[in-house]
Each structure stands twice: as C-alpha cells, then as structure tokens.
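**Q** Residue 5 is where the sequence shown starts when you use the working numbering, and the numbers rise one by one after that.
Here it is, the structure in full.
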Amino acid sequence: MPVLLPTSLSEATQMLSDTPGATLLAGGTDLMVEVNFNHRKPNDVIALRHVPELSQWSLNKVAGTVFIGSAVPYKHMESGELAQLVPALAQAARTVGSPQIRAAGSIGGNLGTCSPAGDSLPVLSALDAIVHLASVNTTRDVPVSDFMVGPKRNSREQNEIILGVTLPIRNGRQGYAKVGVRNAMVISVASACFALQDGSPRIALGSVGPTVLRCPHAEQFLSQNLAADGSVSDDVAKEFGRLVSQESKPIDDHRSTAVYRRHAVGVLAQRLVQRGVQS
Ligand SMILES: Cc1cc2nc3c(=O)[nH]c(=O)nc-3n(C[C@H](O)[C@H](O)[C@H](O)COP(=O)(O)OP(=O)(O)OC[C@H]3O[C@@H](n4cnc5c(N)ncnc54)[C@H](O)[C@@H]3O)c2cc1C
Numbered sequence: 005m006p007v008l009l010p011t012s013l014s015e016a017t018q019m020l021s022d023t024p025g026a027t028l029l030a031g032g033t034d035l036m037v038e039v040n041f042n043h044r045k046p047n048d049v050i051a052l053r054h055v056p057e058l059s060q061w062s063l064n065k066v067a068g069t070v071f072i073g074s075a076v077p078y079k080h081m082e083s084g085e086l087a088q089l090v091p092a093l094a095q096a097a098r099t100v101g102s103p104q105i106r107a108a109g110s111i112g113g114n115l116g117t118c119s120p121a122g123d124s125l126p127v128l129s130a131l132d133a134i135v136h137l138a139s140v141n142t143t144r145d146v147p148v149s150d151f152m153v154g155p156k157r158n159s160r161e162q163n164e165i166i167l168g169v170t171l172p173i174r175n176g177r178q179g180y181a182k183v184g185v186r187n188a189m190v191i192s193v194a195s196a197c198f199a200l201q202d203g204s205p206r207i208a209l210g211s212v213g214p215t216v217l218r219c220p221h222a223e224q225f226l227s228q229n230l231a232a233d234g235s236v237s238d239d240v241a242k243e244f245g246r247l248v249s250q251e252s253k254p255i256d257d258h259r260s261t262a263v264y265r266r267h268a269v270g271v272l273a274q275r276l277v278q279r280g281v282q283s
C-alpha cells in the first residue's frame, strides 16, 4: 500500500484532503495489528510520525493547562515533567502494553481507536480534556465526552486529523488504576481515573460501558461528603465505590463478566479515593 510521509501539519491535512479514504498511521500499535489480521485493508496510508506539530507537548502556565500532541508516545508521559503535571496520565501510560508499545503508541491512536478499554481515555474524561481536530480548511475543539460516541466510534470527520488534547494540570490529587487478567501487558477488564480538580471530585471508568463513563451521582455524593482537607472516611469511600459500581454498565465478553467488572470498578474507585494517589 502507498505510504505518504508528510513533514508538516499543513502537508498532512492537504494529503488527507487529496486522498479521500486514506488511513492515518501514528505508532501503528493498533492499526498494524488490524492489517496483519486482515481486519483492515487500507488503500493509502498517511504516516504522521514526521509531523512535528503532533509530536510535541507544551505547558501553558497562565491557563494552567498542558497540550499533548496526538503522536507523543506514552514513554514521554511516564516520567519527567509531564508526569508531574498530570500524574494520573503517567500512571495510565505506565500500564500500557510493553516498553516497545509505549515507545510507539500514542494518545491520538488511543482516541482514534476509541476502545472503552483505552488506558488514556478515563484520564482524559476525568479531566474534561479538549480534543483538537484539524482539516485542510478548519480546526475545531471538542470536549472528549462528545468525541467518544460509542464502542470504537468517535466523532472525527474523515478529513480531520487529531492534533492533540488540552488538559488541566494537577491542582489536587489524582490517580489511575486498572484490573486485568494478569499484572502486566494486559488490556483492562475494568479501569478508573479519580481526580480532585478545582476542589471537585471526578471519576471516569474504562471497560465497563460502551465507551468511557463518568459517574455523576457518585461525584455529587463525594463532593457533599469530602472533609475540608479533601480526605474521606472509610464509610464515605465505601459508599462512593458502591455508587460507582451502580453507574457502571458492564457486559460479559471474552475478557470478563459483567458481575466481576461491576464489583472490580467499585473497588478501584474506593481505593483511588482513599489512596490520594501521587505520581
Ligand atoms: C501488544 C499490545 C499491547 C497493548 N496494550 C495496550 C494497553 O495496555 N492499553 C491500551 O490502551 N492500549 C494497548 N494497546 C493498543 C495500542 O497500543 C493503543 O491503543 C495506542 O494508544 C495506539 O496508538 P498508536 O499511535 O499506535 O495508534 P495507531 O495504531 O497508529 O492508530 C490507531 C487508530 O487511530 C487512528 N489515528 C492515529 N493517529 C491519529 C490522528 N492523529 N488523527 C486521527 N486518527 C488517528 C488510526 O487511523 C487508527 O485508526 C496495545 C497494543 C498492542 C499491540
């Protein structure tokens, strides 16, 4: 298959416009698996790794936000300054696949595939990330909750490239945890991101619904029951976990059962809120 290699964003969007139906390739850790199994047969591929605008991250100190380019690999999120700014993302990144996968795989690819099990996605959801998209003539910003529309479905138009995401930097505790069928190199059977941001608790769940879910009832309960220092009693944490379980919408599949997932995600939520995870 022909592979096009743009070296700037404007070249990439122009190539996408000139080659309708072309498939975008970032790290290839999802796409090439599908190609190898004959699940996808792209006619034309546009490889994004040489587009500098997509491979950088930047801090906006005034706004208190960080922009992460769609092709920034997980290995750059695991440690260092970015990990200090968004610790839950660092924790999620560290759980993705193996070092080889983390050297290639990206947030843009996680969003592009939009699996409910994508590890970066609960973090983006809990932090109300904005997804930036660009086509040859237009740009638009979409709240991540509107971007993820269903299992492996997103609201990207065919002629759009995901530029990256903007997230608030940490101003309270946050953490990410997942459960799988083994301890490493595993796709989650349940995952959760908890963040206390601007004083308000947020919880987002992965692998327990058609897409990543927020839990408004559990969040409201917790906001009314947090101590002044942000801590919670054992009873409040337990009730929070119960409410999170109730708001999950898991199914049985080849990885796990709905009953186990519902239980597991409640335990994760309870532990995260008590742990007050730091990076
Ligand atoms: C062995 C193995 C283990 C894995 N373990 C995990 C894991 O633990 N957790 C996890 O979440 N995932 C895991 N994955 C899946 C994969 O690594 C992630 O989903 C990763 O984020 C994909 O990123 P990528 O850059 O490789 O995407 P690619 O494979 O390049 O692309 C994936 C999809 O996104 C689209 N896309 C990519 N970039 C853009 C863009 N800028 N704009 C628009 N569309 C775009 C592509 O067209 C394609 O449809 C694993 C994969 C493998 C092979």
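Where is the CB? At the ideal position from N, CA and C, for every residue including glycine.
(1) Roughly how many angstroms separate the alpha carbons of L93 and V70, rounded to a whole number?
(2) Of the choices Q88, I105 and G73, whose alpha-carbon is the least far from that of L13?
(3) With F71 as the anchor, note down where its beta strand (DSSP E) starts and where it stops.
(4) Is G25 near ligand 1 - that is, is its Cβ less than 8 Å away from at least one heavy atom of it?
(5) So who's on the other strand from P155, going by DSSP bridges?
(6) Determine, using beta carbons only, whether E82 and R53 come nearer to each other than 9 Å.
(7) Residues in the same chain with beta-carbon distance under 7 Å from D34, minus the five sequence neighbours each way, listed in chain order, please.
(8) Under the three-state reduction of DSSP, which class applies to R174: helix, strand or coil?
(9) If you run the structure through DSSP and keep just helix, strand and coil, what is N141?
(10) By the three-class DSSP mapping on this structure, what secondary structure does G112 have?
(11) Determine the extent of the alpha helix (DSSP H) in which G210 is found, giving its start and end residues.
(12) What did DSSP end up calling R53 once you bin it into helix, strand or coil?
(13) Indicate whether the contact test is met: 3 or more Cβ pairs, each with one atom in the segment 210-225 and one in the segment 241-254, closer than 8 Å.
(14) Kindly indicate which three-state DSSP category S192 falls into: helix, strand or coil?
(15) For a test of the three-state rule: what should DSSP assign to T215, helix, strand or coil?
(16) Quick one: grab the DSSP three-state call for H80.
(17) Answer yes or no: the CB of V140 versus the heavy atoms of ligand 1, is any distance below 8 Å?
(18) With which residues is F198 paired in a DSSP beta bridge?
(19) Please report the residue range of the alpha helix (DSSP H) in which L89 lies.
**A** To lay it out plainly:
(1) Here residue 93 refers to the residue found at position 89 of the sequence shown. Here residue 70 refers to the residue found at position 66 of the sequence shown. Looking at the two C-alpha atoms, the distance is approximately 12 Å.
(2) If you number the sequence shown from 1, residue 13 lands on position 9. If we check each option's Cα against that of L13, G73 comes out closest.
(3) Within the sequence shown, residue 71 is the residue found at index 67, counting from 1. From DSSP, the beta strand (DSSP E) with F71 extends over T69 to G73.
(4) Mapped onto the sequence shown, residue 25 falls at position 21. Result no, Cβ not under 8 Å from ligand 1.
(5) As a working mapping, residue 155 is identified with position 151 in the sequence shown. BP columns for P155 are empty, so no partner.
(6) On the sequence shown, position 78 is the one that residue 82 refers to. On the sequence shown, position 49 is the one that residue 53 refers to. Not a contact, by the Cβ cut-off of 9 Å.
(7) Stepping through the sequence shown from its first residue, residue 34 is reached at position 30. Annotation for D34: G113 and T117 place their beta carbon closer than 7 Å to its own, counting only its chain and skipping 5 residues before and after.
(8) Numbered from 1 along the sequence shown, position 170 holds the residue referred to as residue 174. R174 carries a coil assignment under DSSP once its states are collapsed to helix, strand and coil.
(9) Locating residue 141 in the sequence shown gives position 137, counting from the first residue. DSSP, reduced to helix, strand and coil, places N141 outside both helices and strands of the structure shown, so it counts as coil.
(10) Locating residue 112 in the sequence shown gives position 108, where the first residue counts as 1. Helix, per DSSP.
(11) Here residue 210 refers to the residue found at position 206 of the sequence shown. In this chain, G210 is not harboured by any alpha helix (DSSP H); it is covered by the beta strand (DSSP E) spanning S204 to G210.
(12) Your numbering for residue 53 matches position 49 in the sequence shown. It is coil, neither helix nor strand.
(13) With a cut-off of 8 Å on Cβ pairs, the segment 210-225 is in contact with the segment 241-254, counting three or more such pairs.
(14) The residue given as residue 192 occupies position 188 in the sequence shown. The three-state secondary structure of S192, taken from DSSP, is coil.
(15) Walking along the sequence shown from the start, residue 215 turns up at place 211. Coil, per DSSP.
(16) Translated into the one-based positions of the sequence shown, residue 80 becomes position 76. Helix.
(17) Here residue 140 corresponds to residue number 136 of the sequence shown, with the count starting at 1. No; taking the cut-off as 8 Å, the Cβ of V140 has no heavy atom of ligand 1 nearer than that.
(18) As a position in the sequence shown, residue 198 is number 194, starting the count at 1. In DSSP, F198 forms a bridge with G179 and I207.
(19) Within the sequence shown, the letter at position 85 stands for residue 89. Start and end: E85 to L89.
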